[in-house]
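Below you'll find the structure, written out as structure tokens, and then a few comments.
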């Protein structure tokens, strides 16, 4: 994830999930182990169905730090689900300055999935309702599930974390316009380089 601290805001740019690759081994509530993969285009379809997708801080519904309606960019590319968020939130700025932001997570409800048998079962998410995307300053459990009862209906909300070991922070609040444009070029080049590396690892099946 790239974090840029400007004079009036913080810009965050990173991947929420990489599609088409297997997750780490996870464990269901009943103790069954499985791996999971989000099928490409699943996020794209989910976003197309949403009128708005909120960006939360640590999955806290009372801490909405952005949304697609308010200008956050959330889209699926050939790597996965990417989020670009600009915010003037004071707490997020402080966390960024202290290098305390750790990555992204997303909450979803399953619409359609496929389970494949093997030594370890594999779950492929094919259609989901994307409930929210969260910026994190902590490392929660990779997998989390909560059950909601609405009348006679049971609604299962699941959360997944994208573990980003490459969080980079830069400040541009005191540089000149020419310096900022130069730094922007370097920053964009580094972002592209990172995306290429992720794509290479993904294509080789080495990204876990």
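Residue numbers (the working numbering): 42 to 249. We put the CB at the ideal spot given by N, CA and C, even for glycine. Nothing here was measured: the structure is a model prediction, and the numbers come from that model.
As assigned by DSSP and simplified to three states, the class of residue i
{"i": "residue 65", "result": "coil"}
{"i": "residue 142", "result": "coil"}
{"i": "residue 179", "result": "coil"}
{"i": "residue 131", "result": "helix"}
{"i": "residue 70", "result": "coil"}
{"i": "residue 204", "result": "strand"}
{"i": "residue 199", "result": "strand"}
{"i": "residue 50", "result": "coil"}
{"i": "residue 89", "result": "helix"}
{"i": "residue 45", "result": "strand"}
{"i": "residue 136", "result": "helix"}
{"i": "residue 76", "result": "strand"}
{"i": "residue 148", "result": "strand"}
Cβ pair residue i, residue j closer than 7 Å
{"i": "residue 55", "j": "residue 81", "result": "no"}
{"i": "residue 103", "j": "residue 79", "result": "no"}
{"i": "residue 97", "j": "residue 105", "result": "yes"}
{"i": "residue 108", "j": "residue 93", "result": "yes"}
{"i": "residue 212", "j": "residue 46", "result": "yes"}
{"i": "residue 118", "j": "residue 50", "result": "no"}
{"i": "residue 177", "j": "residue 99", "result": "yes"}
In DSSP terms, what residue i is bridged to
{"i": "residue 81", "result": "Per DSSP, none; premise fails for residue 81."}
{"i": "residue 55", "result": "124"}
{"i": "residue 154", "result": "166"}
{"i": "residue 97", "result": "105, 175"}
{"i": "residue 110", "result": "None; residue 110 has no bridge partner."}
{"i": "residue 117", "result": "122"}
Supposed close pair residue i, residue j - CB separation, criterion 8 Å
{"i": "residue 171", "j": "residue 70", "result": "Going by Cβ atoms, the distance from residue 171 to residue 70 rounds to 22 Å, so no, they are not a contact pair."}
{"i": "residue 163", "j": "residue 75", "result": "7 Å"}
{"i": "residue 197", "j": "residue 151", "result": "7 Å"}
{"i": "residue 169", "j": "residue 155", "result": "The Cβ separation is near 13 Å, so there is no contact."}
{"i": "residue 89", "j": "residue 112", "result": "That belief does not hold up - the Cβ atoms of residue 89 and residue 112 are roughly 18 Å apart, past 8 Å."}
Per-residue burial, residue i [other beta carbons within 10 Å of its own, 16 or more giving buried]
{"i": "residue 121", "result": "buried"}
{"i": "residue 144", "result": "buried"}
{"i": "residue 133", "result": "buried"}
{"i": "residue 137", "result": "buried"}
{"i": "residue 66", "result": "exposed"}
{"i": "residue 188", "result": "exposed"}
{"i": "residue 44", "result": "buried"}
CB contact check: residue i to chain B, cutoff 7 Å
{"i": "residue 152", "result": "Note that chain B does not occur in the displayed structure, where there is just one protein chain."}
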